[in-house]
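Residue numbers (the UniProt record's numbering): 1 to 310.
Virtual Cβ for every residue (Gly too), placed ideally from N, Cα, C.
Remember, predicted model here, so these are calculated numbers, not experimental data.
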């Protein structure tokens, strides 16, 4: 066989030496060093070590040999590596022991998190690491679950899953108050929110703080991206809100003002729905809010007690 050719055994397939060199270099670059198979489709023959060294040269062969050793060690359950950057040598360990001791620098470390050995305390993991572990645990088969439970502990994994679900729910279903940062859940109603902690008024859509004397003006401002969006995203968004609900919402705002000792501010409660007028009147210790019909007139009504929703 010529010097410019390489023949694989026992298949006897012959290739150009330069082509085989490029083929070997690509596999080494990609970390596929466990075998150097014949390039022929579905052929089981492999190059021997002397062929590989002859084709790629001594310098690249040393790198290949190191990669091959590391790949072999990585498959061994009783081998890990010292995590110290100045060391990094292979370390023998007991298969069922979470602790390893480097024979060179004497560093004692946890084989899972690679930090200083922490005994029975769980590994301290970053948020992204926890998320990946939870996803792997929830989506994995029984063998994967068993492996993770052996590594991190079943109770810790279950706690991580619950925390992850809670954080995901909060992220999806709540927003932070722009004033104090408290998480606020919106279950129904309009987009004017009141923080349960600091009592700040803010818009659910843009999280802008609202004027407590006229919070709905935010939804009337043509320059605001929330203009006419008071009920955007709610179930009422699909159809006109029922008058009894709108009256209750107006009444709620009026009561807030009265309880604080402020005078009624005209326009405080508008707009819930365009072009609707509401009659506001006292009956005993109650404040009544009623929708006025389009053709209804009442000469005795105080004009300040009519809220016109524009």
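Of the residues 146, 134, 43, 10, which one's Cα is nearest the Cα of residue 164? Considering only alpha carbons, the answer is 134.
**Q.** Residue range of the unbroken alpha helix (DSSP H) whose run includes residue 323
**A.** Residue 323 lies beyond the stretch modelled for the chain, which goes from 1 to 310, so this question has no answer here.
Rounded to whole angstroms, what is the Cα-Cα separation between residue 171 and residue 183? If I take the Cα positions, the gap works out to 9 Å.
Item to check | Start and end residues, beta strand (DSSP E) containing residue 192 | outcome: Boundaries of the beta strand (DSSP E) around residue 192: 192–194.
>> Going by DSSP in three states, residue 176 sits in which element: helix, strand or coil?
In response: Three-state DSSP puts residue 176 in a strand.
Hey, out of 56, 129, 123, 166, whose CA is closest to residue 150's CA? Answer by Cα proximity: 123.
What number of angstroms, rounded off, separates the C-alpha of residue 100 from the C-alpha of residue 86?
Cα-Cα distance, rounded: 17 Å.
If residue 84 sits next to residue 105, beta carbons under 8 Å apart, how far is it from one beta carbon to the other, in whole angstroms?
Their Cβ separation, rounded to whole angstroms, is 6 Å, which keeps residue 84 and residue 105 in contact under 8 Å.
Open item on the list: Quick check: what's the CA-CA separation for residue 30 versus residue 70?
Closed with: One C-alpha to the other measures close to 14 Å.
From residue 181 to residue 174, what distance separates their C-alpha atoms? Rounded to whole angstroms, residue 181 to residue 174 spans 11 Å at the Cα level.
Taking residue 225 as the reference, which of 206, 179, 98, 73 has the closest Cα? Minimum Cα-Cα distance from residue 225 among the listed residues 206, 179, 98, 73 corresponds to 206.
message: On the CB-based measure, 16 or more other CB atoms within 10 Å of its CB, does residue 89 come out buried or exposed?
response: Taking a 10 Å sphere around the C-beta of residue 89, we find fewer than 16 other C-beta atoms and assign the residue as exposed.
Original post:
Does the Cβ-Cβ distance between residue 93 and residue 80 come in under 7 Å?
Top reply: Taking 7 Å as the cut-off, the Cβ atoms of residue 93 and residue 80 count as close.
How about residue 191 and residue 204: are their beta carbons less than 7 Å apart? Cβ distance < 7 Å, so residue 191 and residue 204 count as in contact.
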